[in-house]
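Let me begin by presenting the structure, written as structure tokens, before commenting on it.
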Amino acid sequence: MSTSTATALPVAPGPAASEVIPGHVVAVRDGLPGFEHCRRFVIIASSDLEPLVQLQGLDGSRPSFLALDPRQVRPDYDTRLTLADRMRLEAGDTDVLLWLALVRLEGGRLLVNLRAPVVINPRRMLGLQVVAADSPYDTAYALPVD
Amino acid sequence: MLVFTRKRNEAIVIGNGIEVRVLRVGKDGVRLGIVAPPDIAVHRREIYDAVCAANQSAAATDAAGASELAARLRLRLPDTPVAPATTGA
């Protein structure tokens, strides 16, 4: 369909997947802001969810997020990372990374957090929510849905 | 809360290897320089709080209606293939 991002990573077979395959678990060392105790996630992809995927936490309150590649929203989205973030992801120059902007519904509006994307290095199965010191993007970019 | 008085170019050290130095004191603010190991993330409080709030709201967004939402999105988003992203330089 419109994106190949979900296939860049081994994903759980469907929304009902309850069994966690160890190689499919993404380790997020510091968790996500607000969910610091959740350090492990799986990505659930299915054709009826496209262009969204589900980022399912496995620890604590097991938070679940809907997300999409920010370049689906902004084709010119800047995917450069700082050296420190690349080190956290153990990413080399040639690693192809998975970028996921978290999506939310607020007051009937569909908002995307372009400011702080979750970036995953599939080769190392490491993830990180990137909060850059300076960014031109908004935490509440409104998507057209109607 | 620990409170220190620091002048320009003076610093404090937190734990092993985190240094916060006062670079400039101005009328509207204080410019700080922070040296920290690469595995320590440093954020402006208000940005971190905004990301926290967005994450909380995202986790509260019901995934049950996600298929319908996705269908609406497919109609609206440009169907352009996304090129793989390397880490960039």
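Which chain is which? The protein sequence lines are Y and R, in order.
For the first sequence, my numbering begins at -9 and goes up steadily by one.
For the second sequence, my numbering begins at 4 and goes up steadily by one.
Cβ coordinates follow ideal geometry from the N, Cα and C atoms, glycine included.
Since we're looking at a predicted model, the values are computed, not measured.
Checklist entry - Name the chain Y residues whose beta carbon is nearer than 7 angstroms to that of R/I50? => result For R/I50, the neighbours in chain Y by C-beta distance under 7 angstroms run, in chain order, V121.
Checklist entry - Using a C-beta to C-beta distance shorter than 8 angstroms, which residues of chain R count as neighbours of Y/L116? => result One finds nothing in chain R with a Cβ atom closer than 8 angstroms to the Cβ of Y/L116; even the nearest lies about 12 angstroms away.
Item to check | Under 7 angstroms by beta carbon: chain R residues contacting Y/G24 | outcome: At a C-beta separation below 7 angstroms, Y/G24 has these neighbours in chain R: C55, N58 and Q59.
Checklist entry - Residues of chain R with CB under 7 angstroms from Y/A74, in chain order? => result Here the neighbours are P41.
Checklist entry - If the cut is a Cβ gap below 8 angstroms, which residues of chain Y does R/L76 touch? => result Within chain Y, the C-beta atoms nearer than 8 angstroms to that of R/L76 come from P41, L42, L58, L100, L133 and V135, in chain order.
Checklist entry - Within 8 angstroms (strictly less), CB to CB, does R/L26 reach chain Y? => result No, because no Cβ of chain Y sits closer than 8 angstroms to the Cβ of R/L26.
Item to check | Exposed unless 16 or more other CB atoms sit within 10 angstroms - verdict on R/N19 | outcome: Exposed is the call here.
Checklist entry - Looking only at C-alpha atoms, which of Y/I33, Y/P23 and Y/D38 sits nearest to Y/T110? => result In the sequence as displayed, the identity of residue 110 of chain Y is Ile instead of Thr. Per the Cα distances, Y/I33.
Next on the checklist: If contact is defined by three or more beta carbon pairs under 8 angstroms, each pair taking one atom from either stretch, is the segment 17 to 33 of chain R in contact with the segment 41 to 61 of chain Y?
Outcome noted: At 8 angstroms Cβ cutoff, the stretches do not touch.
Next on the checklist: Classify Y/S54: buried if its beta carbon has 16 or more other beta carbons within 10 angstroms, exposed otherwise.
Outcome noted: By the neighbour-count rule (16 or more Cβ atoms within 10 Å), Y/S54 is buried.
Next on the checklist: Taking a contact to mean a Cβ-Cβ separation below 8 angstroms, would you say Y/L100 touches R/L72 in this structure?
Outcome noted: Contact annotation: Y/L100 and R/L72 have beta-carbon atoms nearer than 8 angstroms.
Checklist entry - At what residue ranges does the segment 22 to 62 of chain R contain a whole run of the beta strand (DSSP E), taking only runs of 3 or more? => result The segment 22 to 62 of chain R contains these whole beta strand (DSSP E) runs: 33 to 38.
Checklist entry - Taking DSSP as the reference, what is the three-state secondary structure of Y/R29? => result Secondary structure of Y/R29 (DSSP, three-state): coil.
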